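K.L.:
Residue numbers (UniProt numbering), protein chains in the order written: chain B, 1 to 255; chain W, 1 to 255; chain X, 1 to 255; chain V, 1 to 255.
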């Protein structure tokens, strides 16, 4: 998505020797329109970000250090794309205060960088009011402790909210006899089914149906590197979004 | 599946003006290797089956009349393929007694003529012992009263039996927290999930998984005519199976 | 999607005794928020639309009569939702001219009322720039004359356009040896594959992939009644969209 | 699949420090009914297999050394399960000659240990004569050089052979206009379609259809460890199959 002739964006990575950070480094190096100029981890000097001319920093570090990292970036006019967890309201308020003094700088805080998962949730919610029936099926490896998955619950909540807003009728269901659990879990009126199958990673399907037709939106996450394309979208977009943004969704607005 | 040059099988249909019987008539006429020679319904003379030289009769009539029909066919040396319901042990015993006196004649009693459904169940049971995890998902229109479907329960029972016979370990499942119903219904240790979606007809998926791979067997029934190919298999095979056969499965042995 | 207490919309159907029109009548009668007040066909008096107080007319008639129908509706202040074909630029210009004199009246001309198909195309195009790879698979009954289907070609063109606009790189494909046709047809750089399978109706799947994840959007059309929910969306929305609208898409804006 | 109280099978691994061999070691250790007693690689003493009391050896080594390994095993009465490649007719003849002198010993030579792939091919071929239409879709990562995949070609050949044996009619296809390649590659009358999608590993779907119904058999290979369950089936079964066996299929006979 680079314009030919444009110089690649200079990117620094914080947490570069962690599992996730290392994947980010590889992805930044592999893309045509980004260039890895600094790979910094605990013990390294963050000033390297400035010396190397990094325009954007990607932070996958730790809740204990991420705020210091971000203050440094903001003060030095470097945009930040952040996958580190632990952001509550007070931390977001603090970031907004810092950014108020650095008008051109953008910070993205994203709990989920999987573009596929984000689009699945968005499309499911957008489509839900146009169909009589919507159910969610999630499929994961059998070592998972919770059922349904957090993503499936969130998807069902978004579907339920979209239908409430549209004034949709309750879904039809004539089930009168059967076995307990056969119709799945009920999340705000949306049925959610969880399969646990050896060999699978993380998968989800939303099935929507109306008279004579169905629409199915399925996301398959097959490898942990699935977050890297989302990180690159963040890196490419953050410069055009000064201030604080929460959620990668905002950068996928494709109207 | 006819041999070139062979004369088509002469077929009579009992219950020919019923919804199902009419579809059977159409299918017999459409196939290259079968010929419709008699279409008989209530009020018609069954002797027409003999006059027309029917070699095989297909019966989709009513429990009240089917036994009389079959006695007539057996006495006249006509094979029968029967989709009419209501056969209990005493009726099957009666048929076997009649067939003992008509050594060349075959009668097939089949509760389900959908080849796709039969193969799905068979393949699922055959594969089940080779995978750590197996679950069943059935999807139907929302006017269905029972959940899970009878086919899904039967499939789960066949899977459970195959795993017991093979000494398979219980399936792995680390679920410790979650919502009620999220993991579906438990049919002899096999999880079964039922979706009710407007626009669907009758669909079922069996998902099997082992380290690094999954096998999925899916059956979609999209139209009521899905039973006709199975009826034709019965018509083509019954002559080679004298005596009583219960279940179309026996004719799908393809070892 | 009706507000409780609101009176149902009064709907007239033109072409009410045709196959499609009859389905529309049934759907209008079945919905809670619409009421069938006039069912008019060739030979009937269109003035019935006015006498019955129809607020919206649905027209599934014939290119020869549809313009007269629409002039009548517009002159009498009745909104129109039109599935009749044959609208070229000059006909659309004529409609706009008539509508200029009837400022509150809306007319929707839609070549495709399947909400599932419309959303599949839209979501596929929206998602396409965020994935390295996108391909289209369409599956139809074997009596279809063209391959790929018109919908599949249109989907591929929309995907190609979205990727051009975003400056996406060409898709990766290391294929160097193989059989002719194995990689499908090339529609503006998007691969399209067509299956012809007995038992199927009309189905399409768009598969999008990036590092470690895939997103699949599938539409299954199982019965001809699949257009009725889209017609109802048109009926419910047309009053809020005075003037001429082409394509149901415009009423699915759910941003 | 062990009988409670039975001692676990003692297993030696040849090529134990290779990528594949190391996975085999892990799988043998993890299973309840097998015990890893010897892990041997180049430079180690194969006599360790005898000293450790190995009942079965798994060989993932190299064509240059595998024949010596097998002679050693056969001479010492140890069964062998072999994934090493390079077995031509003359090598198989040699093995049979050696085995003639060791009547209780079994050797399995298998080109493919993925149970899912083997069952997919078998089920597809078994089902093919019962459906009017059968097509194959394979989906792989875009770095693959050949299209269609070898497995897809082999599957199509098996389907074509099964239909020839059954005297099946050619598949219906009314396609008269369209784009080149839209209907895929033709492998002995069976259409094969290949998708290349970033994020995928190796996947295949066989779609079979008859009037009103379809049957879909899908295999997803998501990780290279997918061969280990097949190796364990070989280890558990080889003792009951003295002599030479080619192909894991023979041990999956579940009639």
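We treat Cβ as the ideally placed atom computed from N, Cα and C, and that holds for glycine.
Predicted, not measured: the structure shown is a model, and the values here were computed from it.
Could you name the residues of the stretch 224 to 242 of chain V whose beta carbon sits closer than 8 Å to any beta carbon of chain B, in the order they occur along the chain?
P.N.:
For the stretch 224 to 242 of chain V, which is checked against every Cβ of chain B, the residues closer than 8 Å are 226.
K.L.:
Suppose you measure from the CA of residue 86 of chain X to the CA of residue 245 of chain X; what does that come to, to the nearest Å?
P.N.:
Translated into the one-based positions of the third chain, residue 86 of chain X becomes position 86. Translated into the one-based positions of the third chain, residue 245 of chain X becomes position 245. So the two alpha carbons sit approximately 15 Å from each other.
K.L.:
Given that residue 111 of chain X touches chain V, what residues does it touch there, using C-beta distances under 7 Å?
P.N.:
Sequence index remark: in the third chain, residue 111 of chain X carries index 111 (1-based). Result: empty, since nearest Cβ-Cβ is about 20 Å, beyond 7 Å.
K.L.:
I want to verify the contact list: residues of chain B whose CB lies under 7 Å from the CB of residue 70 of chain V, in sequence order.
P.N.:
Position 70 of the fourth chain, counted from the first residue, corresponds to residue 70 of chain V. Neighbours of residue 70 of chain V on chain B: none; closest Cβ ~31 Å, over 7 Å.
K.L.:
Less than 7 Å between C-beta atoms, sequence neighbours within five positions excluded: which residues of the same chain meet that for residue 209 of chain X?
P.N.:
Along the third chain, read from residue 1 onward, the residue named residue 209 of chain X stands at position 209. Only 131, 132, 133 meet the Cβ criterion.
K.L.:
With the cut-off set at 8 Å, would you say residue 222 of chain X and residue 201 of chain W are in Cβ contact?
P.N.:
By one-based count along the third chain, residue 222 of chain X stands at place 222. By one-based count along the second chain, residue 201 of chain W stands at place 201. Yes, Cβ-Cβ distance for residue 222 of chain X and residue 201 of chain W is below 8 Å.
K.L.:
Buried or exposed for residue 216 of chain X, going by 16 or more other Cβ atoms inside 10 Å?
P.N.:
Within the third chain, residue 216 of chain X is the residue found at index 216, counting from 1. Buried, by the Cβ-count rule.
K.L.:
Are at least three pairs of beta-carbons, each pair with one atom in the stretch 186 to 201 of chain W and one in the stretch 154 to 167 of chain W, less than 8 Å apart?
P.N.:
As far as the Cβ criterion goes, the stretch 186 to 201 of chain W touches the stretch 154 to 167 of chain W, which means the pair count is three or higher.
K.L.:
According to DSSP, is residue 133 of chain W part of a helix, a strand, or is it coil?
P.N.:
The count along the second chain starts at 1 and reaches residue 133 of chain W at position 133. Residue 133 of chain W falls in the strand class under three-state DSSP.
K.L.:
Tell whether a beta-carbon distance below 8 Å holds between residue 149 of chain X and residue 140 of chain X.
P.N.:
Sequence index remark: in the third chain, residue 149 of chain X carries index 149 (1-based). Sequence index remark: in the third chain, residue 140 of chain X carries index 140 (1-based). Yes, they are a contact pair.
K.L.:
Is the Cβ-Cβ distance between residue 27 of chain W and residue 231 of chain W less than 8 Å?
P.N.:
On the second chain, residue 27 of chain W is found 27 positions in, with the first residue counted as 1. On the second chain, residue 231 of chain W is found 231 positions in, with the first residue counted as 1. Contact flag set, yes.
K.L.:
Just list the residues that DSSP pairs residue 204 of chain W with in beta bridges.
P.N.:
Mapped onto the second chain, residue 204 of chain W falls at position 204. W/138, W/219.
K.L.:
For residue 112 of chain B, which of B/228, B/237, B/101 has the nearest alpha-carbon?
P.N.:
Counting from one through the first chain, the residue named residue 112 of chain B turns up at place 112. With distances taken between Cα atoms, residue 112 of chain B lies closest to B/228.
K.L.:
Just tell me which of W/25, W/70, W/30, W/31 has its CA closest to the CA of residue 47 of chain W.
P.N.:
Within the second chain, the letter at position 47 stands for residue 47 of chain W. Ranking the options by Cα distance to residue 47 of chain W, first place goes to W/70.
K.L.:
What is the C-beta distance between residue 242 of chain V and residue 56 of chain V, in whole angstroms, given that I count them as a contact (C-beta under 8 Å)?
P.N.:
Within the fourth chain, the letter at position 242 stands for residue 242 of chain V. Within the fourth chain, the letter at position 56 stands for residue 56 of chain V. In fact, because the Cβ distance is near 13 Å, the residues do not count as touching under 8 Å.
K.L.:
Are the C-beta atoms of residue 141 of chain B and some chain A residue less than 8 Å apart?
P.N.:
Absence of chain A from the displayed structure is noted, the protein chains being B, W, X and V.
K.L.:
By how many angstroms is the C-alpha of residue 137 of chain B removed from the C-alpha of residue 123 of chain V?
P.N.:
Taking the fourth chain and counting its residues from 1, the one referred to as residue 123 of chain V is at position 123. Taking the first chain and counting its residues from 1, the one referred to as residue 137 of chain B is at position 137. Straight-line Cα distance between these residues: approximately 26 Å.
K.L.:
Between the Cα of residue 174 of chain X and those of V/163, V/193, V/176, V/146, spot the shortest distance and give me the residue it belongs to.
P.N.:
Sequence index remark: in the third chain, residue 174 of chain X carries index 174 (1-based). Per the Cα distances, V/146.
K.L.:
In the DSSP output, what is residue 191 of chain B paired with across the bridge?
P.N.:
Translated into positions along the first chain, residue 191 of chain B becomes position 191. Paired residues: B/135, B/186.
K.L.:
Give the single residue among W/196, W/115, W/129 whose Cα lies nearest to the Cα of residue 256 of chain V.
P.N.:
Absent from the structure is residue 256 of chain V, since the part of chain V shown begins at 1 and ends at 255.
K.L.:
Starting from the Cα of residue 234 of chain V, find the closest Cα among V/108, V/59, V/74 and give me that residue.
P.N.:
One-based indexing of the fourth chain puts residue 234 of chain V at position 234. Residue 234 of chain V has its Cα closest to that of V/108, out of V/108, V/59, V/74.
K.L.:
Along the chain, where does the alpha helix (DSSP H) containing residue 151 of chain B start, and where does it finish?
P.N.:
On the first chain, residue 151 of chain B is found 151 positions in, with the first residue counted as 1. Element bounds for residue 151 of chain B: 150 to 166.
K.L.:
Identify every residue that forms a DSSP beta bridge with residue 34 of chain B.
P.N.:
Mapped onto the first chain, residue 34 of chain B falls at position 34. Its beta-bridge partners are B/9.
K.L.:
Measure the C-alpha to C-alpha separation of residue 78 of chain W and residue 239 of chain W and round it to an integer number of angstroms.
P.N.:
Here residue 78 of chain W refers to the residue found at position 78 when the second chain is read from its first residue. Here residue 239 of chain W refers to the residue found at position 239 when the second chain is read from its first residue. Cα to Cα, residue 78 of chain W sits roughly 9 Å from residue 239 of chain W.
K.L.:
Measuring only the C-alpha atoms, how far is residue 251 of chain W from residue 39 of chain W?
P.N.:
Your numbering for residue 251 of chain W matches position 251 in the second chain. Your numbering for residue 39 of chain W matches position 39 in the second chain. Going by the C-alpha atoms only, they are around 25 Å apart.
K.L.:
Could you work out which residues of chain W lie near residue 120 of chain V, taking near to mean beta carbons separated by less than 8 Å?
P.N.:
Within the fourth chain, numbered from 1, the residue matching residue 120 of chain V stands at position 120. In chain order: 215.
K.L.:
Quick one: list the residues of chain W neighbouring residue 127 of chain V, beta-carbon separation under 7 Å, in chain order.
P.N.:
Taking the first residue of the fourth chain as position 1, residue 127 of chain V is located at position 127. By Cβ distance, chain W contributes 119.
K.L.:
So, does the stretch 83 to 97 of chain W touch the stretch 51 to 68 of chain W, judging by three or more C-beta pairs under 8 Å?
P.N.:
The answer is yes - the stretch 51 to 68 of chain W touches the stretch 83 to 97 of chain W, with three or more Cβ pairs under 8 Å.
K.L.:
Using a Cβ cut-off of 8 Å, pull out every chain B residue sitting near residue 222 of chain V, in sequence order please.
P.N.:
As a position in the fourth chain, residue 222 of chain V is number 222, starting the count at 1. Result: 199, 200, 201, 222.
K.L.:
What's the call for residue 34 of chain B, buried or exposed, on a 16-neighbour Cβ count within 10 Å?
P.N.:
Position 34 of the first chain, counting from 1, holds the residue named residue 34 of chain B. Looking at its Cβ environment, which holds 16 or more other Cβ atoms inside 10 Å, residue 34 of chain B is buried.
K.L.:
Taking Cβ-Cβ distances shorter than 7 Å, what residues in chain W pair up with residue 247 of chain V?
P.N.:
Residue mapping note: residue 247 of chain V aligns to position 247 of the fourth chain, counting from 1. Here the premise fails: no neighbours, minimum Cβ distance about 15 Å.
K.L.:
Please list the segments of the beta strand (DSSP E) lying wholly inside the stretch 68 to 118 of chain W, counting only runs of 3 or more residues, in order along the chain.
P.N.:
Fully enclosed beta strand (DSSP E) runs of 3 or longer: 79 to 82, 106 to 109.
K.L.:
Check residue 1 of chain V in the structure and name its three-state DSSP category.
P.N.:
Taking the fourth chain and counting its residues from 1, the one referred to as residue 1 of chain V is at position 1. Bear in mind that the predicted position of residue 1 of chain V carries a pLDDT of just 44, short of 50, making it unreliable; the figure below should be weighed with that in mind. Residue 1 of chain V: coil per DSSP, three-state reduction.
K.L.:
Who are residue 14 of chain B's beta bridge partners in DSSP?
P.N.:
To locate residue 14 of chain B, count along the first chain from 1; it is residue 14. The partner list for residue 14 of chain B (beta bridge, DSSP) reads B/40, B/59.
K.L.:
State the DSSP-derived secondary structure class of residue 196 of chain W, mapped to helix, strand or coil.
P.N.:
Working through the second chain from its first residue, we reach residue 196 of chain W at position 196. Looking at residue 196 of chain W - three-state DSSP - the assignment turns out to be strand.
K.L.:
Using DSSP with H/G/I as helix, E/B as strand and the rest coil, what is residue 245 of chain V?
P.N.:
To locate residue 245 of chain V, count along the fourth chain from 1; it is residue 245. Here residue 245 of chain V sits in strand by DSSP.
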